[in-house]
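Trainee: This is the structure, below, for whatever I ask next.
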Amino acid sequence: MSRALRATLAVLALATATAACGDAGGLRGAGPTATAVSPARLWPELPAASSPAWDYGEAETETVKGVTAPGDDIHKVDPVAVVRAEIARHADTYTADGSPYTGTAAGMAACGRKGTGTGTGAGTAAGTSACPVLKAYYRDLTGDGRDDMALGFRLLPGNGTAVRVYTFQRHRLVQIMANDDAVTAVELAGRAVIIRSPSQIPGYEYRTQWTWDADQKAMLLTRDEFLRTGKPKRLPTPLPASSASAR
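Numbering that gives the first Met the number 0 numbers the first residue of the sequence shown as 0 and each following residue consecutively.
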């Protein structure tokens, strides 16, 4: 095909496409495009910070001692045993005098009883009202082709929830994510863990996202947002006393 013929066919195809668009109502402009503005750096004379202002626990991992599974199959790991191992390792948080979550340690006694809960471990009753351990969920969050375990348990006597993620590394069960907060919802989206937490401002919530980082061998906090969830509920304005008494 000659260059001239190809050019002629291209013009005809463009004309046909334009006519087809016209048949559907014609092309419409989206309005003026906003002018791009480059970011303006404030206070360039400030010295660079030498340390982070807040500690989010990034890249902090912990080996779970005493908990194994045949073939490193995380589905065979007892979630209750994992939580008990954390309590034993962090006595200052769960069992020592003045520790904040003594209620969680006390409630673990109910996890070994038979009940009507979902039962996430061998012979346990995790998921019952008395047991603070919640149902475990499984998904490949590290991208190695094997499932990892997302686990939660209540932080008692308060209303907080501990969210943990575990994987096997070199035949050892390793905690690769830990977050303690007041939680309204936890979601698994792809290979990310999304935690939604309430805000003191009605109609808004905090939303954090944790994603696996192959270099750090841990799930890092990759997004921290403050989002609007809807219009805040407003109470009806009370009627004046004179109007109410006139009825």
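Glycine residues also receive a C-beta, built at the ideal position from the N, C-alpha and C atoms.
Just so you know, these numbers come straight off a predicted model, no measurement behind them.
Which partner residues of S196 appear in the DSSP bridge assignment?
Mentor: Translated into the one-based positions of the sequence shown, residue 196 becomes position 197. Y205.
Trainee: What beta strand (DSSP E) runs, 3 residues minimum, are completely inside the region 72 to 160?
Mentor: Segments of the beta strand (DSSP E) lying fully in the region 72 to 160: 136 to 138 and 147 to 154.
Trainee: Whole angstroms are fine: how far does the CA of V185 sit from the CA of T221?
Mentor: The sequence position of residue 221 within the sequence shown is 222, counting from 1. The sequence position of residue 185 within the sequence shown is 186, counting from 1. Using only the alpha carbons, I get a separation of about 16 angstroms.
Trainee: With distances taken between CB atoms, is the gap from V164 to N178 smaller than 7 angstroms?
Mentor: Start at 1 with the first residue of the sequence shown, and residue 164 comes out as number 165. Start at 1 with the first residue of the sequence shown, and residue 178 comes out as number 179. In this structure, N178 does not lie closer than 7 angstroms to V164 by Cβ.
Trainee: In chain order, what residues of the same chain lie with their CB nearer than 7 angstroms to the CB of A181, ignoring the 5 residues before and after it?
Mentor: Position 182 of the sequence shown holds residue 181. For A181, where only same-chain residues beyond five positions count, the Cβ hits under 7 angstroms are N158, G159, S196 and P197.
Trainee: A108: which of A80, R88, E59 and K75 sits nearest, CA to CA?
Mentor: For this step, residue 108 is matched to residue 109 along the sequence shown. Minimum Cα distance to A108 is reached at A80.
Trainee: Between the beta-carbon of T210 and the beta-carbon of A191, is there less than 7 angstroms?
Mentor: By one-based count along the sequence shown, residue 210 stands at place 211. By one-based count along the sequence shown, residue 191 stands at place 192. Going by C-beta atoms, T210 is nearer than 7 angstroms to A191.
Trainee: Evaluate the contact criterion for the region 127 to 137 versus the region 73 to 87: three or more CB pairs, one atom per stretch, below 8 angstroms.
Mentor: Result yes; three or more Cβ-Cβ pairs closer than 8 angstroms.
Trainee: Kindly indicate the opening and closing residues of the beta strand (DSSP E) around V66.
Mentor: Position 67 of the sequence shown, counted from the first residue, corresponds to residue 66. Premise fails: V66 is in no beta strand (DSSP E) and is neither H nor E.
Trainee: Could you give the residue range of the beta strand (DSSP E) that holds E186?
Mentor: Locating residue 186 in the sequence shown gives position 187, counting from the first residue. Its beta strand (DSSP E) spans residues A184 to A188.
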